[in-house]
Amino acid sequence: MKQYLEVFVMVAEKKNFSRAAEELHMTQPAVSQYIRALEESMGTRLLERSNKYVRLNKAGEIVFHYAKEILGLYVKMQNSVDDLINKATGSIIIGASYTFGEYILPHIIAQLQQNYPEITPSIQIHNTKEIIELVLDHQLDVGFIEGNLKNEHLTSEVILEDEMFIVASPKHPLFKMQKEICISDLDKETWILREIGSGTREATENFFRMHKLNPKRLREFGSTQLIKESVEAGLGITLLSRWAIEKELTNHSIEIINVKGLPFKRDFSMITNTPYQIKALKTFIDTLHHYLANQQNFLER
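If you want it as structure tokens, here you go:
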């Protein structure tokens, strides 16, 4: 059944029998035979076919969702059995929200690869909401999100406290005030925000609620890098993690606004969805804790 599901998932993702066959190193007739056999076992058609496209129907969408989860669990099972007799090796799939994934995780992966080259991590970057869903569906071995999570199906551990600052272009009029800015002064500013579902967006909205801010001029952009470029260009102000702005602060392309009551603090959390961790995942998590502990010690000096 595993191979039938693998073929079905590939066809659904490629939306084409010949491209799926090429990816799977199979002939197109063999792929078609696997799909027919799976549809017969399900008792219904799963794909709508024409000369121009192949797409999932309603039944196919259900099978595709569970097939991805089953294949993810199969890999976990295989790795767990191999883990009984082998050292830390093999693949792990790591997911992270943008701030953690783009500004912290690469340094941890570099340290892991230096010490354990036989572990092969792959990384997926999504917003916090999507990372939670992927961990729930067993598509990720471990996920990192912004904020704390309470979910009876997932194990969550706060791993790092994050400090967030309001930043703007050095040419922004707020820097001419030559004093500590009151939070109420920020209500009339143009704010550049991440999309809904992002941990940074959630933190910003929490900051607004906490300080009773209701800014009317909001612009929504889909990436932290785009927000930083926009702030540097003078389009507005934003609230970002200190991890995300280190380089910009160093070259003074953006600056921290001296606002009373900041920095705003939130947590980064690690989430998992399995009672058993293979050695490769345990080794990664140990490397993570070691790296973060060293960073904390450095900041406290």
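Counting along the sequence shown from 1, when you hit position 243 you're at 243 in the UniProt record's numbering, and nothing is skipped either side.
All C-beta atoms in this analysis are idealised placements derived from N, C-alpha and C, irrespective of residue type, glycine included.
From a predicted model like this one, the values you see are computed outputs, not experimental measurements.
Phe100 to Glu146 span [Cα, whole Å]: 8 Å
Ile94: first and last residue of the uninterrupted beta strand (DSSP E) it sits in: Gly90 to Ala96
Continuous beta strand (DSSP E) assignments of at least 3 residues falling wholly in the stretch 133-170: 142-146 and 155-168
Backbone CA spacing between Arg301 and Pro170 [nearest angstrom]: Its pLDDT being 49, under 50, Arg301 is placed unreliably by the model, and the measurement read from it follows with that caveat. Rounded to whole angstroms, Arg301 to Pro170 spans 28 Å at the Cα level.
First through last residue of the alpha helix (DSSP H) which encompasses Phe17: Phe17 to Leu24
Which residues DSSP lists as bridging Ile125, in chain order: Ala96
Beta carbon of Thr190 nearer than 9 Å to that of Pro215: yes
DSSP state of Thr44 mapped onto helix, strand, coil: coil
CB contact flag (Ser269, Leu149, <9 Å): yes
Residue of Glu13, Lys14, His138 and Ala12 minimising C-alpha distance to Tyr74: His138
Range covered by the beta strand (DSSP E) that runs through Gly265: For the record, residue 265 in the displayed sequence is Lys; it is not Gly. Run containing Lys265: Phe264 to Thr272, per the beta strand (DSSP E) assignment.
Per-residue burial, Ile196 [other beta carbons within 10 Å of its own, 16 or more giving buried]: exposed
Stretch pair the stretch 284-296 + the stretch 95-111: three plus CB contacts closer than 8 Å: yes
C-beta contact flag for Ile181 and His211 at 9 Å: no
Own chain partners of Ser18 with C-beta closer than 7 Å, once the 5 adjacent residues on each side are dropped: Gln28
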